[in-house]
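In the working numbering, the protein residues as written are 6 to 313. Ideal Cβ placement from N, Cα and C applies to all residues, glycine included. Taking it in order: structure first as structure tokens, then the write-up.
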Amino acid sequence: MNSTTVRRATLSIAVVAALTGVAACGSSDSDGSGDKAGGKSVPVSPIAALRFAEKSTDKAESAKVRSTTSVGDLMSMTANGALTWGGGLKGNLTLTYTGGQMAELMKKAGTQSMEARYLPDAYYAHMSDAFARQAGGGKHWIKYSYDDLAKMGGASGSYMKDQIQNATPNQSVKLLLASKDVKKVGQENVSGVRATHYSGTVNVADLAGRSSDLDADQLAALKKQLSQAGVTTETVDIWINDQNLLVKKSEKADTANGAMTNTTYYTDYGVKVTAEAPPAGDTKDFADMMKSGGTLSGGTGTGTGTVS
């Protein structure tokens with residue numbers, strides 16, 4: 006496998022977290038609670054409102070998703086589809102690369118779009134005929150086992166595995182709950198629906214330590230990688246509708262590869278979502294590709310949607 010193919014495959018790992026709308030980090034549990042009145046009345050404080058929304062969004066268990074993500078000149082992309090999280094993350098998204106290095110690499114592979122399929126233990130990417138001929142041994146699907154990503158990526162891999170497997174809309178609400186300056190911005194219209202806008206800033210390195218099960222050595226390595234990626238803080242905005250469901254979220258951060266932005270919309274909560282593993286005969290394991298192609302140049306993603 007040539008260096009361009011390895012780089013393309015490596016970049017596809019880097020954007021895995023972004024595919025579900027979780028572009029930068031995952032969640033952090035917070036203490037405390039807020040009071041709320043009965044029925045559908047609004048909770049009395051931003052923290053209480055966010056806690057109520059986190060629980061309501063989690064219980065909804067599925068939704069349609071559409072998002073846009075960009076990371077400097079590395080990539081810009083859109084994702085459209087549906088996800089369910091009731092029994093582990095599952096779903097299907099269509100990814101379209103609209104700019105940056107990833108778009109150029111995908112263009113050389115014969116396509117600008119691909120299907121992404123999520124199961125609780127792995128993520129699958131459907132590649133073009135050209136890619137299948139060049140790197141997949143004639144097979145179109147690449148399987149990224151979360152356990153393999155954790156092994157290959159060290160601390161960042163373990164963190165990314167945790168974030169992907171818990172990449173649900175309510176995690177964005179938890180992310181904002183980790184902010185020390187969360188505030189209510191006001192009422193706004195989101196896709197024709199009235200929603201309440203909340204905003205805050207999160208310290209990414211501190212959040213990573215509180216939201217993962219990494220040991221001390223892994224955590225130290227992850228903090229170093231986050232620092233090398235140039236990520237220190239992240240701005241998070243979310244919009245909650247009158248049913249206490251997340252309808253939009255936005256995340257922004259500066260990285261060594263440039264500014265990272267992600268905006269995701271959630272609709273049709275409770276939609277039926279089905280996803281199953283692609284045919285084994287048309288699937289190539291990413292770990293096997295790396296064994297045959299040598300070591301990775303450029304490393305794996307840090308969980309921030311960037312490549313070090």
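Beta-bridge partners assigned by DSSP to W90: none are found. Under the DSSP assignment, S61 falls in the alpha helix (DSSP H) whose first and last residues are 51 to 65. In this structure, the alpha-carbon of S61 lies about 13 Å from that of G91. Residue nearest to V276 within the set F57, R56, S67 is S67 (criterion: CA-CA distance). Per DSSP, the beta bridge partners of T83 are T73, T101. For N85, same chain residues with a beta-carbon under 6 Å away, outside a window of 5 residues either side, are R71, T99 in chain order. C-alpha of G263 to C-alpha of P284: approximately 38 Å in a straight line. Beta-bridge partners assigned by DSSP to A130: A121, I147. Approximately 7 Å separates the beta-carbon atoms of L88 and Y123; this is inside 8 Å, confirming the contact.
Judged by their CB atoms, F291 and Y149 are nearer to each other than the 8 Å cut-off. Nearest C-alpha to D63 among K229, E239, A172: A172. K166 has its alpha-carbon roughly 9 Å from the corresponding atom of D126. For S255, DSSP records a beta bridge to D242, T268. The secondary-structure analysis by DSSP pairs D290 across a beta bridge with K148. In the assembly as shown, N246 is a buried residue. Its beta-carbon has 16 or more other beta-carbons within 10 Å. With a 10 Å radius around the Cβ and a threshold of 16 neighbouring Cβ atoms, K144 comes out buried. In terms of CA proximity to L251, Q176 leads the group K112, M295, V278, Q176.
For the 8 Å CB-CB criterion, S196 and V241 do not form a contact.
In the DSSP assignment, E193 is bridged to A200. Within the DSSP bridge table, the entry for K95 names T89 as partners. Between I147 and K253, the gap from beta carbon to beta carbon reaches 8 Å or more. DSSP places V178 in the helix class (H, G or I) of the three-state scheme.
Secondary structure of A261 (DSSP, three-state): coil.
Sequence-distant Cβ neighbours of D134 in its own chain, meaning closer than 7 Å and more than five residues away, are G115. The Cβ-Cβ distance between E239 and A210 does not fall below 8 Å. By the beta-carbon neighbour count (other beta carbons within 10 angstroms, threshold 16), A130 is buried.
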